[in-house]
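This note's numbering puts the first residue of the sequence shown at 1, with every later residue one more than the last. Ideal Cβ placement from N, Cα and C applies to all residues, glycine included. Structure first, then comments.
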Amino acid sequence: MAFIIISKLIIYLSISILMGSFILSVISPNHKPKVNIKRKYLIMAVLSICVFSLTPIFPLIAHLYESMGLQRSTTTVLLTFEIGKALIFTIIIAVFLLLMLIKINNLKQPIYSWTGCFLTFLLILGLSWSSHAHSMEQLKGFLIHSVHYTVISIWMGILFVVGWFSSDFAKWRQFLKWFTPLAVTCVVMTIGSGLLLMTVVIDLSQYQNSWPYDYGQLLLWKHLFIIALLVYAVINGIFIRRRVSTDKNFNPLPWVKAESVIGLVILSVTAALGQQSPPSKLGDDTLSKLFSFIYQGQIESGMNVDFNVTSLSMFFFFISIIFIVFIIYSYIKKVPAQVTLLLSILFVLSAYLALMMSIG
């Protein structure tokens with residue numbers, strides 16, 4: 001399972017880098033920092049998608065191997081299982097994108113950049129085809145997952161590419177003028193589609209009742225890290241936007257990198273989440289070990305999670321707020337952005353403990 005999770009993470013990261021690179025290549029040089037991402041990295045991203053998209057089908061083939069043999073089991077998985085059909089579609093699109101990256105000399109021409117965006121979007125559709133949401137709600141789940149995946153790839157992709165492949169920050173004000181409203185739109189759509197995606201998997205009114213299970217625990221961790229990510233988004237989109245207007249020597253890239261690291265953590269949790277069974281399919285043997293360790297009350301499958309605010313839960317809640325304030329204060333006092341990553345982790349831990357200690 002660990003290898004499949006890592007594979008999913010690499011796919012998410014590869015998709016984001018491709019989408020971010022193609023979008024930035026459409027933008028005028030006067031409205032973005034100088035980005036130097038080599039063609040070989042884009043080719044490696046496409047190859048990674050091709051290779052690591054294969055990992056989910058191996059357990060299925062292995063399961064059918066004894067009764068069908070290698071050739072028949074492979075054919076059955078690829079041609080009759082939805083995950084196999086999605087894989088074939090993904091590989092075909094990836095080959096077209098790979099050929100474009102290899103054969104086209106000037107990829108910065110708008111027509112090739114937009115073609116790259118379109119092919120990357122088709123890859124997202126292929127990956128959404130094999131998602132939990134599609135398997136549970138068919139077309140509805142597929143569409144919601146596709147929108148969710150697309151807006152995250154746009155937002156995170158631009159962050160990753162600008163944060164790690166920019167060689168200067170001379171045009172930062174011009175960059176923020178178009179990226180900030182785009183990022184806000186992506187955030188709103190991410191939250192909206194994320195809530196719709198949750199309704200496909202679990203009943204929102206039963207959200208806290210999923211916490212005793214691994215799926216619910218991962219979902220909670222993801223949401224807490226999203227809060228931390230939004231704090232960085234506010235710093236980068238509002239505070240730094242004002243600062244670069246008055247201080248041309250200020251380097252915003254470390255803060256963008258810090259935000260992208262939190263984004264990478266969220267993608268990691270999302271990859272792990274995709275390998276867990278939704279709550280509706282859980283049994284007694286799937287209760288979370290972490291939840292069992294922290295919660296000292298009686299635990300049973302299907303238990304209702306009720307809240308009872310205690311002095312200890314309030315303590316951790318206030319501690320979590322303090323860590324959020326410290327992140328913003330660190331920016332004001334010009335503390336290195338790397339330090340705030342530790343503060344973000346401490347915020348998530350304290351907020352998590354506040355919620356866990358509130359369970360009655």
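Query: Contact set for Gln217: own chain, Cβ-Cβ below 7 Å, skip 5 residues either direction; Result: Trp211, Ser288, Leu290, Phe291
Query: Cutoff 7 Å; reference Ala233; Cβ partners in own chain excluding five residues on either side; Result: Ala183, Val187, Glu259
Query: DSSP-derived helix/strand/coil call for Tyr213; Result: strand
Query: Inter-residue spacing [alpha-carbon to alpha-carbon] between Leu47 and Ile4; Result: 16 Å
Query: Residues near Ile61 by beta carbon distance below 8 Å, same chain, minus five either side; Result: Leu70, Ser73, Thr74, Val77
Query: 8 Å Cβ cutoff met for Trp164 and Lys257; Result: yes
Query: Cα-Cα separation between Asp306 and Ile332, rounded to whole angstroms; Result: 39 Å
Query: Proximity below 8 Å, CB of Ser53 to CB of Ile6; Result: no
Query: Between the CA atoms of Leu219 and Asn308 - distance to the nearest angstrom; Result: 21 Å
Query: Cα-Cα separation, Ile262 to Met68; Result: 44 Å
Query: Extent of the continuous alpha helix (DSSP H) run through Gln338; Result: 337-356
Query: Beta-carbon proximity of Ile93 to Gly116, cut-off 8 Å; Result: no
Query: Spatial neighbours of Ser21 in its chain, beta-carbon cut-off 7 Å, leaving aside the 5 residues before and after; Result: Ile37, Leu42, Val161
Query: Which residues DSSP lists as bridging Ser313, in chain order; Result: Answer is none; Ser313 lacks a bridge partner.
Query: Nearest to Ser25 (by Cα), restricted to the options Asp168, Leu79, Gln109; Result: Gln109
Query: 7 Å CB neighbourhood of Ser28 in its chain, flanking five on each side removed; Result: none
Query: Rounded C-alpha distance that separates Ile359 from Tyr295; Result: 8 Å
Query: Nearest residue (CA-CA) to Tyr352, options Ile328, Val339, Leu312; Result: Leu312
Query: Spatial distance of Ile235 from Ala170 (CA atoms); Result: 19 Å
Query: Run of the alpha helix (DSSP H) containing Ile43, from where it starts to where it stops; Result: 39-52
Query: Residues bridged to Ser166 [DSSP beta-bridge criterion]; Result: Val35
Query: Where Phe250 sits in the DSSP three-state scheme; Result: coil
Query: C-beta contact flag for Lys34 and Ser167 at 8 Å; Result: yes
Query: Where Phe81 falls: helix, strand or coil (DSSP); Result: coil
Query: Rounded separation between Phe326 and Ala354 - CA only; Result: 18 Å
Query: Ser131 beta carbon less than 8 Å from that of His145; Result: yes
Query: For Leu195 and Gln206, the rounded distance between their alpha carbons; Result: 13 Å
Query: Under the three-state DSSP convention, the category Leu287 falls into; Result: strand
Query: Short Cβ contact (8 Å threshold) for Leu13 with Leu267; Result: yes
Query: Cross-strand partners of Ile332 (DSSP beta bridge); Result: None, per the DSSP bridge assignment.
Query: Cβ neighbours of Ile104 in the same chain (closer than 7 Å, five flanking residues each side left out); Result: Tyr112
Query: CB of Leu99 within 8 Å of CB of Arg39, strictly; Result: no
Query: Within 8 Å, strictly: CB atoms of Ser193 and Val244; Result: no
Query: Beta-carbon proximity of Gly237 to Leu176, cut-off 8 Å; Result: yes
Query: Same chain, Cβ closer than 7 Å to Leu253, neighbours up to 5 away in sequence not counted; Result: Gly163, Ser166, Phe169
Query: Nearest-angstrom Cα separation, counted from Ala271 out to Leu229; Result: 17 Å
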